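Here's the structure, in structure tokens; my notes come after.
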């Protein structure tokens, strides 16, 4: 990743981040990517999860979400990803900040949405099913597991 300067194309001489270009003097950074996720309560005390139909963690349950796109607010990303993965439609103004976590590779923003009556029934290209969980459950990614556990501890 980033073997050459993104400003002038000079090959970097080391693997240290941020990388300083000997050719033009500019820096190249390796920043974490923003990810937006939906925390969707389901009537009866549940939480909506999706079964992934893409790698990584294909076949495992997770919270609906994905990478933010250029020009989107985090709220717009939450509702877009939710719609793409579940066909559930909300407006960006309905999203409330629930949690923020970070790792070396990602900054995860979890948006809380209004309660829905039941899980969707229509599958999408990115999911192979839906499951409503009613207690802390191990999900595909540790951050999702932690946020779901904190959600259930608070309700």
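Numbering (full-length UniProt numbering), first residue to last: 1 to 155. Quick reminder that beta carbons are idealized off the backbone N, C-alpha and C, glycines included. Every value quoted in this text rests on a predicted model; they were computed, and no experiment measured them.
Compute the distance between the beta-carbons of residue 39 and residue 132, then report whether it is under 9 Å.
no
Host beta strand (DSSP E) of residue 7 (start-end)
Unbroken run through residue 7: none, as it is neither H nor E.
Nearest-angstrom Cα separation, counted from residue 7 out to residue 88:
41 Å
For the region 113-120 and the region 129-143, state whether three or more C-beta atom pairs, one from each stretch, are separated by less than 8 Å.
yes
Three-state secondary structure (DSSP) of residue 144:
helix
Helix, strand or coil for residue 101 per DSSP?
strand
Compute the distance between the beta-carbons of residue 113 and residue 100, then report whether it is under 9 Å.
no
How about residue 48 and residue 86: are their beta carbons less than 9 Å apart?
yes
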